[in-house]
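One structure is given here, and the rest of the page talks about it.
Residue numbers (our numbering): 3 to 516.
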């Protein structure tokens, strides 16, 4: 779906409809429609609303929902059009054949659009676009040869190449105006590493450019598609924190990121070429010195100026200031809520409400906290687990029976039994003292009989079971089912030695006998 919050953020940043359309791969008509909507709701000033709030506003405006795609009037003649084009007929000739031989009544423009959709577009000429100072930085990962890891093992290394590279990677950052670079070698292309490299680059430059152009690598883009790249939530958090705009390249359009691609080749040929394998940490120190002492002070082949000199003289002052607080790197993960009411995140488990079982939820984890979302609705917040397999639980998330089982302890059973009566407390204590079997669950079953019978009846049943030395769950349940505890109650109300009862008094009996 359209990331409406990112679109509003770009509008607030003063981006033109043309720039937003290019960044988000939308038509300018669509951008204009949302601009009108945002103005009507007074969204272009003040605090940027949450995605949830924007979604609610959109739901109230059915006019913004796009109409269902229309079917071309030429579609019924698809096979005829394909055959005519394969035979070499121009589009106008195809239109005339359809009209004359097949009864087509549509317009030529419909035929032209249909044919253009059927056939691949010829490559466009590349146009070089120069950027203003501080406007844009280009970033990428790629191959970097062999390096030593911390354990002294030689491993394949990577820097400044296409996405999806194996283990050891490097991150390249090139400012589009001055061509000044930041280079860092790393061991993976994880989202955490990707974000950390951005943080290091901005700190190195001493500021933040207004836009970041990146290849459609997995770390930055969830799904690379021309119509709507899905920016990973973690990267969107980073963009909001540093207040830069994300501008992914179109799929199979690497020339849109040509400055960093050229920088990749320059680093490979001039820094990495001919070097024996060295430690990654040592190479990071060396490449920083190389940038400042060699690459940064050379005459650039395209601009004919020295990148570092141009950066310090002009571009650095145009960068946005670094945020006052450091960026909190977080990992986002889509995780299914399992039948036990837990999602798994980084080898630990966190509970979520039972009604979401079977649904895919968003889990956000930083160094201290894990949060669980259903789309943009926060469901739970937990301290991050400190060991694999650890479970973080909110009992309100669980079914009542399951939550009850998790909190079951001998002390709790004894306390509940004491509230019912002495006999019940004695039965529970006998069950808990029994060895070697663990009778905790049995004791709990005895106490749960109060869900069916009154506490008073349970107390009487326990007293009878103790008197007959049959203080088991089954015996107590049978006593209650048959109402035997009532017999003990009736017997208790009668005197121990009642005198015999006669219909006549003693005087009447004696008189009758006389």
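Note that CB positions come from ideal geometry on N, CA and C, so glycine has one too.
>> Is it buried or exposed, residue 421, if we count other Cβ atoms within 10 angstroms and call 16 or more buried?
In response: exposed
> Under the rule that 16 or more other beta-carbon atoms within 10 Å means buried, what is residue 13, buried or exposed?
Replying inline: buried
> Helix, strand or coil for residue 78 per DSSP?
Replying inline: helix
>> In the DSSP output, what is residue 364 paired with across the bridge?
In response: 336 and 375
> Taking C-alpha atoms, which residue in 248, 325, 473 and 299 lies nearest to residue 17?
Replying inline: 248
> Opposite residue 213 in the DSSP bridges: which residues?
Replying inline: 138 and 247
>> So, at 6 Å on beta carbons, what are the nonlocal neighbours of residue 10 in its own chain, with the 5 sequence-adjacent residues on each side left out?
In response: 40 and 45
> Where does residue 186 sit, in a helix, a strand or coil, going by DSSP?
Replying inline: strand
> Roughly how many angstroms separate the alpha carbons of residue 230 and residue 90, rounded to a whole number?
Replying inline: Only weak support is given to the placement of residue 230: the predicted model assigns it a pLDDT of 47, under 50, and the question is left unresolved by the model.
>> Tell me the DSSP secondary structure of residue 260 in three-state form.
In response: Any reading at residue 260 must be qualified, since the residue scores a pLDDT of 44, below 50, and its modelled position is unreliable; no value is offered.
> From residue 7 to residue 278, what distance separates their C-alpha atoms?
Replying inline: 48 Å
>> I need the DSSP call for residue 325, collapsed to helix, strand or coil.
In response: coil
> Just the Cα atoms here: how many angstroms apart are residue 182 and residue 307?
Replying inline: 11 Å
> Do you know whose CA, among 458, 456, 442 and 118, lies nearest residue 475's CA?
Replying inline: 442
> So residue 148 is in the beta strand (DSSP E); what residue range does that whole segment cover?
Replying inline: 147-150
> What residues in its chain sit with their C-beta under 7 Å from that of residue 426, if we drop five residues either side in the sequence?
Replying inline: 419, 460, 461 and 464
>> Taking the beta carbon of residue 200 as the centre, do at least 16 other beta carbons fall within 10 Å, making it buried, or is it exposed?
In response: buried
>> Across the region 284-297 and the region 183-191, are there enough close Cβ pairs to call them in contact, namely three or more that are closer than 8 Å?
In response: yes
> How many angstroms separate the CA atom of residue 434 from the CA atom of residue 372?
Replying inline: 38 Å
> DSSP three-state call for residue 279: helix, strand or coil?
Replying inline: coil
> At which residue ranges does the region 420-458 contain complete alpha helix (DSSP H) runs of 4 or more residues, listed in the order of the chain?
Replying inline: 424-435 and 442-449
> Who are the near neighbours of residue 112 in its chain, counting only those whose CB is closer than 8 Å to its CB and skipping five residues on each side?
Replying inline: 74, 75 and 76
> Shortest alpha-carbon distance to residue 392 belongs to which of 431, 416, 381 and 349?
Replying inline: 349
> Are the region 318-326 and the region 356-375 touching, with three or more C-beta to C-beta distances below 8 Å?
Replying inline: no
>> For a quick check, are the C-beta atoms of residue 324 and residue 205 less than 8 Å apart?
In response: yes
> What's the gap between the Cα of residue 84 and the Cα of residue 99?
Replying inline: 13 Å
> By how many angstroms is the C-alpha of residue 402 removed from the C-alpha of residue 428?
Replying inline: 27 Å
> Going by the beta-carbon positions, is the gap between residue 1 and residue 145 smaller than 8 Å?
Replying inline: Nothing in the structure corresponds to residue 1, since the chain is present only between 3 and 516.
>> I need the straight-line Cα distance from residue 32 to residue 87, nearest angstrom please.
In response: 33 Å
>> Quick check on the burial criterion: 16 or more other C-beta atoms within 10 angstroms. Buried or exposed for residue 483?
In response: exposed
>> Restricting to Cα atoms, I'd like to know which of 216, 471, 158 and 210 is closest to residue 190.
In response: 158
> Can you tell me whether residue 235 is buried or exposed, with buried defined as 16 or more other CB within 10 angstroms of its CB?
Replying inline: buried
>> Suppose you measure from the CA of residue 250 to the CA of residue 24; what does that come to, to the nearest Å?
In response: 9 Å
> Does DSSP put residue 412 in a helix, in a strand, or in coil?
Replying inline: helix
> Looking at the unbroken beta strand (DSSP E) that takes in residue 346, where does it start and where does it end?
Replying inline: 344-347
> How long is the line joining the alpha carbons of residue 382 and residue 61, rounded to whole angstroms?
Replying inline: 25 Å
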